[in-house]
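This report concerns only the one structure given below.
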């Protein structure tokens, strides 16, 4: 299994391959998973009030 895991890691392919030995240390498994659970790009909240003001005519392009 170590060769399989090393091959997939080398090419950046995410797979779940855990043996009984791996499952003995759950903290290590979760630490490994953590990097895949982090978002690559942080979501940005839309400023809807600006869009509403613009569409209603109360805001001009130069004001933004």
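Residue numbers (our numbering): 5 to 68. Just so you know, even glycine gets a beta-carbon here, dropped at the ideal spot from N, CA and C.
Within the same chain, and ignoring the five residues on either side of residue 12 in sequence, the residues whose Cβ sits closer than 7 Å to its Cβ are 19. Ranked by Cα distance from residue 6, the first of 31, 22, 47 is 22. Within the model, the alpha-carbon separation for residue 60 versus residue 48 is close to 23 Å.
The same chain holds no residue with a CB closer than 8 Å to that of residue 37 once the five nearest residues on each side in sequence are set aside. The continuous alpha helix (DSSP H) containing residue 25 extends over residues 24–27.
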